[in-house]
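Structure, as structure tokens:
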Amino acid sequence: MSRVNYQERWYPLEAQESVLDGLLRQGVGVPHACKAGVCQSCLMRASSGAVPEKAQAGLKETLKARNYFLACSCQLEPGMDLEVAGGEELRVPARIEALEPLSADVLRVRLWARAPFEYRAGQYLTLLREDGLARSYSVASLPREEHLELHVRLLPGGAMSTWLSTEAKPGDTVSLQGPAGECFYVAGRPEQTLVLAGTGTGLAPLYGIARDALAQGHTGPIWLFHGARDSRGLYLVEALRALAARHPNLHYRPSVLEGRLEEGLHVGALDALIRAECPKPTGGRAFLCGNPELVLSLRKKLFLAGLSMKDIHADAFLPSASPAAGAGAMPRASNASR
Ligand SMILES: Cc1cc2nc3c(=O)[nH]c(=O)nc-3n(C[C@H](O)[C@H](O)[C@H](O)COP(=O)(O)OP(=O)(O)OC[C@H]3O[C@@H](n4cnc5c(N)ncnc54)[C@H](O)[C@@H]3O)c2cc1C
Ligand code: FES
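Here you go:
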């Protein structure tokens with residue numbers, strides 16, 4: 001049997017059970033969402049004991065060196081003990097500044113960080129409610145802008161999105177953890193072709209990356225493909241058309257699967273549109289965000305079209321592992337062994 005010590009109590013772990021699942025099973029609330037080692041919302045720190053390498057996959061070297069690990073990817077060998085603490089010291093308090101609909105099912109959330117929060121446009125962060133409910137959101141704003149901007153998709157019954165759209169109000173306090181992810185613009189090759197593609201709120205990081213690239217003087221073509229089922233799923237259309245009018249190298253292509261053919265709107269599959277507009281993206285760089293299946297499929301197609309894998313950056317918006325993952329006030333531990 002392996003054990004984990006958290007808040008001065010020992011908790012036994014079952015064979016193959018992750019630290020996160022073991023703690024949750026025994027009534028200990030730990031922030032989490034994807035349970036797949038992607039979102040980093042379950043970040044913890046080991047104060048003693050050896051952290052398995054797999055539990056640090058994808059973390060920044062500075063976090064690894066300080067013994068941070070992902071509780072959902074951390075399984076201990078039989079007989080191993082680990083003493084752990086939460087990642088609270090990595091969190092920055094923030095105030096909700098504004099909540100504003102961008103479309104029927106997308107909410108723009110503007111936040112003001114009460115302490116320095118360094119990020120690159122397009123990276124993602126973990127947003128934590130006061131009771132520990134945690135979800136990842138990509139950052140649509142630029143670091144030099146006053147507020148952090150998130151685009152939150154409203155899901156029927158979704159714990160965080162329902163709270164943000166019905167209960168949260170300007171002035172409320174939340175916490176931010178992160179940022180993480182490799183989806184951001186890197187200066188140095190201003191003539192390079194950039195392919196930005198995503199569906200739904202996958203636009204959030206792309207909106208940040210496109211504006212960041214333009215602000216940094218990118219001169220090569222920037223293709224921004226935003227897909228939705230129908231035109232109600234598109235948002236920021238006028239803002240992006242206006243941005244493209246000011247920057248001739250920005251080619252904004254909104255696209256819907258169903259609907260009437262209108263000027264400036266493509267009807268059909270996003271991958272077909274990308275293939276038609278950018279048949280030879282060789283030597284370019286791509287950013288793919290949003291629906292996990294679409295991200296995976298576009299990644300493969302762009303690779304086959306000639307892009308190098310190292311030049312394809314993707315953030316799949318994995319859903320939380322359960323409807324109420326991390327929701328509700330943190331339950332107190334009840335049946336822990338000491
Ligand atoms: C790296 C990363 C970046 C992300 N960036 C964004 C972002 O910028 N904007 C954004 O809106 N979301 C983003 N997400 C997804 C986000 O973290 C939440 O998972 C999602 O918004 C649902 O949270 P919720 O609390 O509202 O609903 P939950 O309570 O988590 O889910 C309610 C129900 O809906 C299901 N569900 C959750 N997501 C989906 C989905 N996409 N399609 C269908 N069913 C679903 C759940 O399984 C559950 O049954 C990102 C995720 C990751 C991992
Ligand atoms: S990385 Fe552990 S819950 Fe997402």
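Numbering (UniProt numbering), first residue to last: 1 to 338. We put the beta carbon where it would ideally sit given N, CA and C, even for glycine.
- Cβ atoms of residue 270 and residue 197 come within 8 Å of each other, at about 6 Å.
- Between residue 45 and residue 85, the C-beta gap is smaller than 8 Å, which places the two residues in contact.
- Burial is judged here by how many other beta carbons sit within 10 angstroms of a residue's own beta carbon; residue 47 has fewer than 16 and is exposed.
- Here the alpha carbons of residue 265 and residue 252 stand approximately 10 Å from one another.
- Between residue 230 and residue 257, the alpha-carbon positions lie close to 6 Å from each other.
- Here residue 144 is exposed. Its C-beta has fewer than 16 other C-beta atoms within 10 Å.
- Between ligand 2 and the CB of residue 41, the shortest heavy atom gap is smaller than 7 Å.
- For residue 80, there is no enclosing alpha helix (DSSP H), since its DSSP letter is neither H nor E.
- For residue 35, the distance from the CB to the nearest heavy atom of ligand 2 is below 7 Å.
- Residue 320 has its Cβ nearer than 7 Å to a heavy atom of ligand 1.
- Take residue 273, set aside five residues on each side of it, and the residues of its chain with a beta-carbon closer than 7 Å to its own are 225, 253, 255, 266, in chain order.
- Taking each of 92, 35, 96 in turn and checking the Cα distance to residue 70, the smallest one comes out for 35.
- In this structure, the beta-carbon distance from residue 114 to residue 149 does not fall below 8 Å.
- Shortest gap from the CB of residue 71 to any heavy atom of ligand 2: under 7 Å.
- At the C-beta level, residue 234 and residue 170 stay beyond 8 Å of one another.
- Here residue 10 is exposed: its Cβ has fewer than 16 other Cβ atoms, across all protein chains shown, within 10 Å.
- With a 10 Å radius around the Cβ and a threshold of 16 neighbouring Cβ atoms, residue 177 comes out buried.
- DSSP lists 108 as the bridge partner or partners of residue 100.
- By the criterion of a C-beta distance shorter than 6 Å, residue 227 is surrounded in its chain by 199, 255, 270, once the five residues flanking it on both sides are discounted.
- The beta-carbon distance between residue 126 and residue 41, rounded to whole angstroms, is 4 Å. This is short enough to meet the 8 Å contact definition.
- Taking residue 217 as reference, the option from 186, 314, 175, 90 with the minimal CA-CA separation is 186.
- From the listed residues 290, 220, 95, the smallest Cα separation to residue 189 is found for 220.
- In this structure residue 19 is not in contact with residue 318, their Cβ atoms being roughly 19 Å apart against a cut-off of 8 Å.
- Distance from the C-beta of residue 38 to the nearest heavy atom of ligand 2 is below 7 Å.
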